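Engineer:
Numbering (my numbering), first residue to last: 29 to 267.
What follows is the structure, given as structure tokens:
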């Protein structure tokens, strides 16, 4: 397990503190352009894909959350329904989906993929940044330094078998002390910025348009002095 959050930056970089790997199945349609920077015992993998071409999959092998970081990705699913995902937008592709990918030159995306069994029906689910948000629970008061924030969220996708959820969340500013990360979480910042600090005291600032992954159990503090909105992908771990 990583001891510090993994920042997913430009594919030309060294991907922070992650470790290179491959997805377990041999039928990965993006194997040539996929880099796995973290994978865990809960059948979850995180990394990036560089792809600028056309590709068809009769049954996509994973449940994969895609956050397009550059370029433009067009998905056409069975029946002819089409989705266009621009930079900064996100979509979930469930395992077993018949889908055609058409990626513009220079396209790459961050991903979080469940590679095990899934309860999600085939299909795609968008994670719209303008989704209507409802009040959600703030961090426990004993972990806060300062006022309790006002948090809101919209959970767009749930897969009970893999214990993966994805959606949109926002919050007023707050500071949270160092504590173990309770879930595996990929975050893509839609607005504002946050500074995450690990047990070694090294701060990592994550701003609008950036993506970060925090593994379960990582000691991490949160400090945001402005409104923050994010796409989240979380996986429950343990009992």
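Every residue, glycine too, gets a C-beta built ideally from N, C-alpha and C. None of the values given here were measured: they were computed from a predicted structure.
Under DSSP, the beta strand (DSSP E) around residue 213 begins and ends at which residues?
Structural biologist: Start and end: 211 to 219.
Engineer: For the pair the region 252 to 259 and the region 210 to 224, tell me if three or more CB-CB distances fall below 8 Å.
Structural biologist: These segments touch.
Engineer: If you draw a straight line from the C-alpha of residue 117 to the C-alpha of residue 155, how long is it?
Structural biologist: Spanning the two alpha carbons is a distance of roughly 7 Å.
Engineer: If we ignore side chains and look at the alpha-carbon of each, how far apart do residue 130 and residue 82 end up?
Structural biologist: Their Cα atoms are separated by approximately 4 Å.
Engineer: Hey, residue 152 and residue 121: beta-carbon distance below 9 Å or not?
Structural biologist: In this structure, residue 121 lies closer than 9 Å to residue 152 by Cβ.
Engineer: Please report the straight-line C-alpha distance between residue 169 and residue 212, rounded to a whole angstrom.
Structural biologist: Each residue's alpha carbon lies about 22 Å from the other.
Engineer: If contacts are defined as beta-carbon pairs under 8 Å, then residue 239 and residue 216 qualify, I think. What distance do you get, rounded to the angstrom?
Structural biologist: About 5 Å separates the two Cβ atoms, so the contact holds.
Engineer: Counting Cβ pairs, one atom from each stretch, are 3 or more of them under 8 Å apart for the region 124 to 140 and the region 79 to 94?
Structural biologist: Yes: at least three Cβ pairs fall under 8 Å.
Engineer: Near residue 231, which residues of its chain fall below 6 Å by C-beta distance, leaving aside the five closest residues on each side in sequence?
Structural biologist: The residues are 223, 225.
Engineer: Give me, in chain order, the residues of the same chain whose beta-carbon lies closer than 7 Å to that of residue 71; leave out the 5 immediate sequence neighbours on both sides.
Structural biologist: Excluding sequence neighbours, residue 71 sits near 142, 143, 144, 190.
Engineer: Does residue 256 get closer than 9 Å to chain B when you measure Cβ to Cβ?
Structural biologist: No chain B is present in this structure, which holds just one protein chain.
Engineer: So, are the CB atoms of residue 124 and residue 150 less than 9 Å apart?
Structural biologist: In contact: residue 124 and residue 150 (Cβ atoms closer than 9 Å).
Engineer: With a Cβ-Cβ cutoff of 9 Å, do residue 247 and residue 207 count as a contact?
Structural biologist: Contact: yes.
Engineer: Residue 237: which of 243, 111, 138 sits nearest, CA to CA?
Structural biologist: Among 243, 111, 138, the Cα nearest to that of residue 237 belongs to 138.
Engineer: Residue range of the beta strand (DSSP E) that residue 68 falls in?
Structural biologist: Element bounds for residue 68: 62 to 68.
Engineer: What three-state label does DSSP hand residue 101 in the structure shown?
Structural biologist: Three-state DSSP puts residue 101 in a strand.
Engineer: By the three-class DSSP mapping on this structure, what secondary structure does residue 161 have?
Structural biologist: Coil.
Engineer: On the CB-based measure, 16 or more other CB atoms within 10 Å of its CB, does residue 110 come out buried or exposed?
Structural biologist: Burial call: exposed.
Engineer: Leaving out five residues before and five after residue 176 in sequence, what residues of the same chain have Cβ atoms less than 7 Å from its Cβ?
Structural biologist: For residue 176, where only same-chain residues beyond five positions count, the Cβ hits under 7 Å are 166, 169.
Engineer: Tell me the start and end of each unbroken beta strand (DSSP E) in the region 126 to 198 that is at least 3 residues and wholly inside, in chain order.
Structural biologist: Within the region 126 to 198, the complete beta strand (DSSP E) runs of at least 3 residues are 127 to 131, 136 to 142, 152 to 154, 162 to 164, 179 to 187.
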